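Peer 1: First, the structure itself, so that you have it in front of you.
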Amino acid sequence: MCGITGSINWQADTVLDAMVEAQRHRGPDDGGTWLTTTATGERVGLGSRRLAILDISTAGHMPMSSADGQQTIVFNGEIYNYRELRQELESCGHQFHSDCDTEVVLHMYLEFGTDCVKRLNGMFAIAIWDEVEQQLFLARDHFGIKPLYYTLANGQFAFASEIKSFLPLPGFRKAINREALHQYLTFLWVPDPLTLFDGVLKMPPGHFGLYKSGQLTLTSYWDLQFPPADHHFEQSEAALTDEVRERFSAVVKSQMVSDVPLGAFLSAGLDSSSILACMKQHTSEPIRTFTVAFPEKYTKGDVRLDDTTVAARTAASFGCIHSEIMVEPNVVDLLPHLIWHMDEPVSDPAIITAYLVNREARQDVTVLLSGVGGDELFGGYRKYQAHELAKRYQKIPAPLRKHLIEPAINALPPLSGSALKSHIRLAKKMVRSGSMEPRERFITDSVYMSEQLVHSLYTEETQALCGQSAPQLRHMEYFDNVQDADFLNQMLYVDTKAFMNSLNLTYNDKMSMASSVEVRVPFLDWEFADWVAQEVPPNLKIKGGTTKHILREAMRPWLPAEVLTQKKAGFFAPIDHWLANDLSDMVNDLLSVAQVEHRGLFRAEQVSRMVQEQQTGKHDWSMQIWQLLTLELWMQAFLD
């Protein structure tokens, strides 16, 4: 696990050092740079910071070159099948000098060229300079677990695990991409391939790129595929249930390989508990587990958190060494720090809890297994259930919906800080989107600022620059990719490509690496995910209104009964409490009329109205205010 960076025709030696140093937190164990002038006169530099996980000796030092020095690699990630691949390569005559996966990836490229990525099972971002071909090979893993950014202009090219590595580049332009701003305000995050930095792009998941002679060519090597909606599935539910358990257990075993201490996140939920149950099948040693807990003042009202006592009992049943991490941060000081680590203004307060649990866990372990991806693979979110609810809602006569139900629901107060807040929010979401056609409803349920609200915020100048872009365009393209699949599978695919990749995986990577922790995600083993997509019918993912039905049944022999019946609870943070208390002065300062007018992006009177209505309890603008606050802090960190 590392931070990688490099450039072509852009840096002096000292600039490359600064690019690498910007990512020291990603790899505190080792670092290095490599520079060359090619036969055609191009200046190529590669750099790496290393978090040593496999073969922690100096033999794993990067940048790493082939025996003849013609190919040089920097690599971020883990390849779980590297030992099997190494045996295959050795049978073909390849010789190795370390026991790390980096060297295996380099030799895979030597043997198979760009096709090597199709054989790798893991999470990765790869960069290889090939002197023979005079080209730079770049690749990102199948689901985009590991980040890979790039920028190119005027015959200059640079890449990195984090955007902050580009800041030392001479002439690097720091400006907002206006199309991405529109997407950020709509979704809380920016879908691939854009970032909020104008001119900085994300390598799409499942793609590799070749940079040669000033041109970058991207190629898709893998994508998640689903059968058509009328497909007949052969296996019985009982057989599939057993196979899900066996396959997932094998995946977890493969991701337990490590030369440093390893543990697992543990909530009361199904996904993390399933990972723990599988880990226990493959080790007799006590497993270290980590759970987030909040003080009582944070857990009143709408803060939807897993019951930590369930997690503690689950850990005890498996004989774990369990740590309950009490989260009570100085959020005023912490939030700007974490936004710097995020690079992109991902507006989810869960970044705070994610960072704190990783920071505390780092005292005991270097690697953690996480349940990210289980909801997108097996259908765990309530918005998937909402599809069936909407079909029932649409059976109510339209005049009754329009003139009675919807006005009554929309008139309800937000009741922020109460246990009813989430129910009112969901009811309002249903009447807002319940009468729409499926695609439009799904995207509407994924939006935090409507088009009307976004446009009401924009100044005339901002409106002219970005008001005409379509923020949902990427979502619609993803729907088109799987238009023949069952609609549940369509929703799972879109969330996998957009929501999971640009939000969940992004903040899990950045917040773990901020503490020099490697987080692995077994549900996103691409071979396992591909099998689930092809072989598990939609009616076994959500059955009788129960989410992740087949996973629950698969894990029933191994898990406590109370885990199987736990309601879904997201990785939330006490945003209402923070905005009303800890962050109130920051909000009033950074979203003041003077500051908003100084930025010139938004109408100050509209922002002030939202802040006032939130503070008086007239309207729930908590997520929208968090968005605007995050954006202002991001601009201060990266643009000012």
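Residue numbers (the UniProt record's numbering): 1 to 640.
The beta carbon of each residue, even a glycine, is placed where N, CA and C say it ideally should be.
Every value quoted in this text rests on a predicted model; they were computed, and no experiment measured them.
In chain order, what residues of the same chain lie with their CB nearer than 6 angstroms to the CB of Asp364, ignoring the 5 residues before and after it?
Peer 2: If we look at Asp364 and ignore the five residues flanking it on each side, its Cβ neighbours are Arg288.
Peer 1: Does the ligand PLP have a heavy atom nearer than 8 angstroms to the CB of Ser584?
Peer 2: Although the ligand PLP was asked about, the structure shown includes no ligands whatsoever.
Peer 1: Beta-carbon separation of Thr496 and Leu369 under 9 angstroms?
Peer 2: Not a contact, by the Cβ cut-off of 9 angstroms.
Peer 1: Return the chain-ordered list of same chain residues with a C-beta closer than 7 angstroms to the C-beta of Leu628, the five sequence neighbours on each side being excluded.
Peer 2: Correct list, in chain order: Leu591, Val607.
Peer 1: Checking the sheet assignment: what are the DSSP bridge partners for Lys497?
Peer 2: Paired residues: none, contrary to the question.
Peer 1: Let's see if you can read the secondary structure: which residues bound the beta strand (DSSP E) around Tyr149?
Peer 2: Taken as a continuous stretch (DSSP letters only), the beta strand (DSSP E) holding Tyr149 covers 149 to 153.
Peer 1: In chain order, what residues of the same chain lie with their CB nearer than 6 angstroms to the CB of Pro295, ignoring the 5 residues before and after it?
Peer 2: Correct list, in chain order: Glu328.
Peer 1: Do you know offhand how far Thr314's Cα is from Ala180's?
Peer 2: Approximately 42 angstroms between the Cα atoms of the pair.
Peer 1: For Pro63, count neighbouring C-beta atoms within 10 Å of its own C-beta (all shown protein chains included) and say buried if the count is 16 or more, exposed if not.
Peer 2: So Pro63 counts as buried.
Peer 1: Out of Arg520, Leu240, Met342, which has the shortest C-alpha to C-alpha gap to Ala637?
Peer 2: Closest option to Ala637, Cα to Cα, is Met342.
Peer 1: Per the DSSP calculation, Pro170 is bridged to which residue(s)?
Peer 2: According to DSSP, Pro170 bridges with nothing at all.
Peer 1: Determine the contact status of Phe137 and Pro205, defining contact as a CB-CB distance below 9 angstroms.
Peer 2: Not a contact, by the Cβ cut-off of 9 angstroms.
Peer 1: Determine the contact status of residue 715 and Ser502, defining contact as a CB-CB distance below 9 angstroms.
Peer 2: Within the shown structure, residues of the chain are numbered from 1 to 640, placing residue 715 beyond reach of any answer.
Peer 1: Would you say Val104 and Tyr221 are within 9 angstroms of each other, going by their C-beta atoms?
Peer 2: Taking 9 angstroms as the Cβ cut-off, Val104 and Tyr221 do not qualify as a contacting pair.
Peer 1: Closest to Val447 by C-alpha separation, out of Ser347, Asp30, Leu400, would be which residue?
Peer 2: Closest by alpha carbon: Ser347.
Peer 1: With a threshold of 16 other CB atoms inside 10 Å of the CB of Glu460, please say whether the residue is buried or exposed.
Peer 2: Result: exposed.
Peer 1: Answer yes or no: do Val482 and Phe442 have a C-beta to C-beta separation smaller than 9 angstroms?
Peer 2: No, they are not a contact pair.
Peer 1: What is the DSSP secondary structure of Tyr381, reduced to helix, strand or coil?
Peer 2: Correct three-state label for Tyr381: coil.
Peer 1: Can you tell me the Cβ-Cβ gap for Gly122 and Ile79, rounded? I've got them flagged as a contact below 8 angstroms.
Peer 2: About 4 angstroms separates the two Cβ atoms, so the contact holds.
Peer 1: If residue 645 and Ser267 are in contact, beta carbons under 8 angstroms, what's the gap, nearest whole angstrom?
Peer 2: In the structure as shown, the chain begins at 1 and stops at 640. Residue 645 is therefore absent and cannot be evaluated.
Peer 1: Helix, strand or coil for Thr459, going by three-state DSSP, please let me know.
Peer 2: In this structure, Thr459 counts as coil in the three-state DSSP scheme.
Peer 1: Would you mind sorting Met326 into buried or exposed? The rule is 16 or more other CB atoms within 10 Å of its CB.
Peer 2: By the 10 Å Cβ count, Met326 comes out exposed.
Peer 1: Leu148 and Ser161 - do their beta-carbons sit closer together than 9 angstroms?
Peer 2: Against a cut-off of 9 angstroms, the Cβ pair of Leu148 and Ser161 comes out as a contact.
Peer 1: Give me the residue from Ser469, Val517, Met610 with the minimum Cα distance to Val357.
Peer 2: Out of Ser469, Val517, Met610, Val517 has the C-alpha closest to the C-alpha of Val357.
Peer 1: Report the rounded CA-to-CA distance for Ala361 versus Val251, giving the unit in angstroms.
Peer 2: If you take the alpha carbons of Ala361 and Val251, they lie about 23 angstroms apart.
Peer 1: Once the 5 residues before and after Lys253 are set aside, which same chain residues still bring their CB inside 6 angstroms of it?
Peer 2: Hits under 6 angstroms: His282.
Peer 1: So what's Val117 in DSSP terms, helix, strand or just coil?
Peer 2: DSSP places Val117 in helix when its eight states are reduced to three.
Peer 1: Is Val132 buried or exposed, if buried means 16 or more other CB atoms sit within 10 Å of its CB?
Peer 2: Under this definition Val132 is an exposed residue.
Peer 1: State buried or exposed for Met476, treating a residue as buried only when at least 16 other CB atoms are found within 10 Å of its CB.
Peer 2: Met476 is exposed by the Cβ-count criterion.
Peer 1: I think Ile550 touches Gln385, with their Cβ atoms under 8 angstroms apart; what is that distance to the nearest whole Å?
Peer 2: Contact doesn't hold; Cβ gap of about 16 angstroms is too wide.
Peer 1: Around the C-beta of Ala529, are 16 or more other C-beta atoms found within 10 angstroms, so that it is buried, or is it exposed?
Peer 2: With 16 or more other Cβ atoms within 10 Å, it is buried.
Peer 1: Per the contact definition of three or more C-beta pairs closer than 8 angstroms, is the region 81 to 99 in contact with the region 30 to 45?
Peer 2: As far as the Cβ criterion goes, the region 30 to 45 does not touch the region 81 to 99, which means the pair count is below three.
Peer 1: What residues in its chain sit with their C-beta under 7 angstroms from that of Met449, if we drop five residues either side in the sequence?
Peer 2: Leu185, Thr186, Gln624, listed in sequence order.
Peer 1: I'd like the span of the beta strand (DSSP E) that includes Ala175, first residue to last.
Peer 2: From DSSP, Ala175 is part of no beta strand (DSSP E); its letter is neither H nor E.
Peer 1: Spatial neighbours of Arg439 within its chain, please: C-beta separation below 6 angstroms, excluding the five flanking residues on both sides.
Peer 2: So the qualifying residues of the chain are Phe479.
Peer 1: Is the beta carbon of Ala427 sitting closer than 9 angstroms to the one on Leu412?
Peer 2: Going by C-beta atoms, Ala427 is nearer than 9 angstroms to Leu412.
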